[in-house]
Amino acid sequence: MKNNDFSLDRFRLITSFFVFSLLLLAGAGFGDMAWLKARTATQGQGQFAYVSNSNSSDISMYQVNQNTGTLSPIGTVPAGGGPQSIAVTPSGGQFVYVANEQTNNVSMYQVNPQSGTLSPIGTVPAGSQPQAIAVTPNSGRYAYVANQGSDNVSVYQVNQNAGTLSPIGTVPAGNQPSAVAVHPSGTFVYVTNQGSDDVSMFVVDPETGMLTPVGAMPAGNAPSSIAVVPAGNLAVVTNENGNSLTLFAVPRRLPILLPLGTVPVNGGPTSVAIDPSGLAVVTMRNLQGKQGIGAIAVFRITPMNTLEFIGLTPTGGSGSTAVAINPPGFAYVANENSNNVSMFAIMPSGLPISLGTVPAGSGPQSVAVAF
C-alpha cells in the first residue's frame, strides 16, 4: 500500500511540475518569448563551460552555443581525487583551477582558445580537504582556496603567463570553511564556514595578495555559498540547513559585512550566482522540501538591497548543488545525484526557462564558464 501511495504522490508531483512549466511559459511576456526566439550571439558571452565531477575525479568540458546558450560535450580530462570547486581566470579565461578534496591539492589547466579543451599543467598543494577556490576577478593575480579539514585559507599568486599557482601562505578561517568569494574590487575576501555558521572577512594586501583577518559575521545554519553583486555593495549567502539566504551590506571601501536580514528558501539552498543585470539565481537540493527534485529560484535585487522573488522551477536533475551564470541570459546547474547539468534561459523578466539537461561525469559538484 505504501508503494502505491508513493507512486501516486510521485505521479501527482510530476503532473504538477508539468502544469507549472506550462504556466511559466504562459506567464512569460511577449517580450521574453521574442527575446528567446530572436536570440543571437552576444559579445562577452562565455565560450566554454567546465564541470568538476567528484566521484569520477575528472572535469567535463563543454562548448557553449553562442545563439541558444546550450552546452555540447567536448570530452573529459582527469583531475585529482574528489574535485570540488572550479574557477576560471578572468580576461579571456586562459586557465582553470580545481580544488581536489581527497588529494589535498589544486589541479591547474590551460584552456585551448579554439577548442576549449583543457591541458593539465600540474598540481599545487592545498590544505586539508580543499572545498572551494576563487580568483581575484579584477586582476586575476591571486587565488584563494577554502580548506574544510584544516579550517584555513590557502593563498596563491597566479603566474599570468604560465597559469601556475605559487603558494604564498595560509590564514585561519572559521570551522569547516565551505566557500570563498572575492570582492569585485579585489580588495576583500569572504569565506563561509559551515561548522561555525558564520562568514570570515579578510583584507587583501595589494602587493602580495596575503589576507589579513578582520573578524566574522554570523550567518544561518550551515552557510554553503556566497556571492557579491558586481557593484560590490551587497553579498548573498545560502544557508543550506537553515533553508534561508542571509543578506549583507558591504560598506564602500570597508572589509566588513553588515547584516540586512534573511530570506526564507525552502529546499536546502546550496549555491548562489549573481547576474550582471541584478538577478540572484539560487540552487536548491529539494524543491519545496520534495526529496530528490532539484530546483532553482530567481530573485531580483532591488535598489534597496532586498530580494524580490520572481520564479521557481525544477532543474530536471537531482541534488542540484551549484550554479554558474553565462550573461546575458543563461544559467547552468550541476546536479550531483543525477550526474547531469541543467541549462536555463533567464528571460529579461527574470523567469527561468528550461533548455534541458546535458550529461556530466559522476557526482558533479561545480560549474564555471570561460569567457
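My numbering puts the sequence shown at residues -7 to 363.
By construction, the Cβ of each residue, glycine as well, lies at the ideal position given by its N, Cα and C atoms.
Could you give the uninterrupted runs of the beta strand (DSSP E) lying entirely in the segment 72 to 102, keeping only those of 3 residues or more?
For the segment 72 to 102, whole beta strand (DSSP E) runs of length 3 or above, ordered along the chain, are 75 to 80 and 87 to 92.
In this structure, does DSSP put ASP190 in helix, strand or coil?
Against the sequence shown, residue 190 aligns to sequence position 198. Strand, per DSSP.
At the level of alpha carbons, what is the spacing between PRO351 and SER217?
The count along the sequence shown starts at 1 and reaches residue 351 at position 359. The count along the sequence shown starts at 1 and reaches residue 217 at position 225. Roughly 24 Å separates the two Cα atoms.
Count the other CB atoms, across all protein chains shown, that sit within 10 Å of the CB of ARG364; report buried if there are 16 or more and exposed otherwise.
Coverage of the chain is limited to positions -7 through 363, which leaves residue 364 absent and any answer about it impossible.
Can you find at least 3 beta carbon pairs, one from the segment 54 to 67 and one from the segment 117 to 135, that sit closer than 8 Å?
The answer is no - the segment 117 to 135 does not touch the segment 54 to 67, with fewer than three Cβ pairs under 8 Å.
Considering only their Cβ atoms, is the gap separating VAL172 from LEU110 smaller than 8 Å?
One-based indexing of the sequence shown puts residue 110 at position 118. One-based indexing of the sequence shown puts residue 172 at position 180. Cβ atoms of LEU110 and VAL172: not closer than 8 Å.
For GLY73, verify whether its CB is less than 7 Å away from any heavy atom of the ligand ZN.
Although the ligand ZN was asked about, the structure shown includes no ligands whatsoever.
Classify THR305 as helix, strand or coil using the three-state DSSP reduction.
As a first step, residue 305 must be located in the sequence shown, where it is residue number 313. Correct three-state label for THR305: strand.
Rounded to whole angstroms, what is the Cα-Cα separation between LEU17 and ASN318?
For the purposes of this step, residue 17 is taken as the residue at position 25 of the sequence shown. For the purposes of this step, residue 318 is taken as the residue at position 326 of the sequence shown. Legend: pLDDT at LEU17 = 49, less than 50; position of this residue unreliable, value from coordinates given subsequently. So the two alpha carbons sit approximately 21 Å from each other.
Can you name, in chain order, every residue of its own chain whose Cβ lies under 8 Å from the Cβ of SER312, other than the five neighbours on each side?
Here residue 312 is taken as the residue at index 320 of the sequence shown, counted from 1. These residues qualify, in order along the chain: THR262, THR275, MET276, ARG277, GLY286, ALA287, ILE288, VAL325, ALA326, ASN327, GLU328 and SER334.
Figure out for me which residue from GLY74, PRO75, TYR42 and TYR89 has the closest Cα to the Cα of GLY67.
For the purposes of this step, residue 67 is taken as the residue at position 75 of the sequence shown. Comparing Cα-Cα distances from GLY67 to each of GLY74, PRO75, TYR42 and TYR89, the minimum goes to TYR42.
Spatial neighbours of GLY85 within its chain, please: CB distance less than 7 Å, with the 5 preceding and 5 following residues excluded, ordered by chain position.
Numbered from its first residue, the sequence shown carries residue 85 at position 93. For GLY85, where only same-chain residues beyond five positions count, the Cβ hits under 7 Å are VAL103, ALA362 and PHE363.
For GLU199, count neighbouring Cβ atoms within 10 angstroms of its own Cβ and tell me buried if that reaches 16, exposed if not.
As a working note, residue 199 is residue 207 in the sequence shown. GLU199 is exposed by the Cβ-count criterion.
In whole angstroms, what is the alpha-carbon distance linking LEU15 and ILE293?
Numbered from 1 along the sequence shown, position 23 holds the residue referred to as residue 15. Numbered from 1 along the sequence shown, position 301 holds the residue referred to as residue 293. Any reading at LEU15 needs caution, since the residue's pLDDT is 48, under 50, leaving its predicted position unreliable; the model's value is listed next. Distance between the alpha carbons of LEU15 and ILE293: 24 Å.
Please confirm if the segment 251 to 262 is in contact with the segment 192 to 207, defined as three or more CB-CB distances below 8 Å between the two stretches.
Verdict: no, contact absent.
In or out: ILE345 buried (at least 16 other Cβ within 10 Å) or exposed?
In the sequence shown, residue 345 corresponds to position 353, counting from 1. With 16 or more other Cβ atoms within 10 Å, it is buried.
Report the rounded CA-to-CA distance for LEU237 versus PHE291, giving the unit in angstroms.
For the purposes of this step, residue 237 is taken as residue 245 along the sequence shown, with counting starting at 1. For the purposes of this step, residue 291 is taken as residue 299 along the sequence shown, with counting starting at 1. Cα-Cα distance, rounded: 11 Å.
Relative to the C-alpha of LEU151, which candidate in SER269, MET100 and VAL206 has its C-alpha closest?
Stepping through the sequence shown from its first residue, residue 151 is reached at position 159. Looking at the sequence shown, residue 151 is not Leu but Asn. Checking every option, the nearest Cα to that of ASN151 belongs to MET100.
Taking only the alpha-carbon atoms, compute the straight-line gap between THR81 and PRO129 and give it to the nearest angstrom.
If you number the sequence shown from 1, residue 81 lands on position 89. If you number the sequence shown from 1, residue 129 lands on position 137. Whole-angstrom Cα-Cα distance: 8 Å.
For GLY114, which of SER107, GLY141, TYR89 and VAL127 has the nearest alpha-carbon?
The count along the sequence shown starts at 1 and reaches residue 114 at position 122. Minimum Cα distance to GLY114 is reached at TYR89.
Is the CB-CB distance between SER107 and GLY74 below 8 Å?
Residue numbering aside, residue 107 sits at position 115 when the sequence shown is read from its first letter. Residue numbering aside, residue 74 sits at position 82 when the sequence shown is read from its first letter. Contact flag unset, no.
Of the choices ALA337, GLN357 and ASP143, whose alpha-carbon is the least far from that of GLY348?
Residue mapping note: residue 348 aligns to position 356 of the sequence shown, counting from 1. The residue with the shortest Cα to Cα distance from GLY348 is ALA337.
Per DSSP, which one or two residues make a beta bridge with MET209?
To locate residue 209, count along the sequence shown from 1; it is residue 217. DSSP, once it has assigned bridges, lists VAL191 as partnering MET209.
Is the Cβ-Cβ distance between GLY119 and ASN144 less than 8 Å?
For this step, residue 119 is matched to residue 127 along the sequence shown. For this step, residue 144 is matched to residue 152 along the sequence shown. Cβ distance < 8 Å, so GLY119 and ASN144 count as in contact.
If I measure Cβ to Cβ from LEU304 and keep anything under 7 Å in the same chain, skipping five residues before and after, which residues do I get?
Taking the first residue of the sequence shown as 1, we reach residue 304 at position 312. So the list reads ALA287 and ALA289, once near-sequence residues are dropped.
Between the alpha carbons of ALA208 and VAL181, how many angstroms are there, rounded?
Position 216 of the sequence shown, counted from the first residue, corresponds to residue 208. Position 189 of the sequence shown, counted from the first residue, corresponds to residue 181. Going from the Cα of ALA208 to the Cα of VAL181 covers about 12 Å.
Check whether the Cβ atoms of GLN76 and SER44 lie closer than 8 Å to each other.
One-based indexing of the sequence shown puts residue 76 at position 84. One-based indexing of the sequence shown puts residue 44 at position 52. Contact: yes.
At the level of alpha carbons, what is the spacing between VAL127 and GLY141?
Here residue 127 refers to the residue found at position 135 when the sequence shown is read from its first residue. Here residue 141 refers to the residue found at position 149 when the sequence shown is read from its first residue. C-alpha separation (whole angstroms): 21 Å.
Looking at C-alpha atoms only, which residue of THR60, PHE194, GLY155 and THR254 is the closest neighbour of GLY166?
Sequence index remark: in the sequence shown, residue 166 carries index 174 (1-based). Looking at the Cα atoms, PHE194 is the closest of the given residues.
Can you say whether GLY355 is buried or exposed, counting buried as having 16 or more other CB atoms within 10 angstroms of its CB?
Translated into positions along the sequence shown, residue 355 becomes position 363. Buried is the call here.
From LEU299 to VAL255, what distance separates their C-alpha atoms?
For this step, residue 299 is matched to residue 307 along the sequence shown. For this step, residue 255 is matched to residue 263 along the sequence shown. So the alpha carbons of these two residues sit roughly 8 Å apart.
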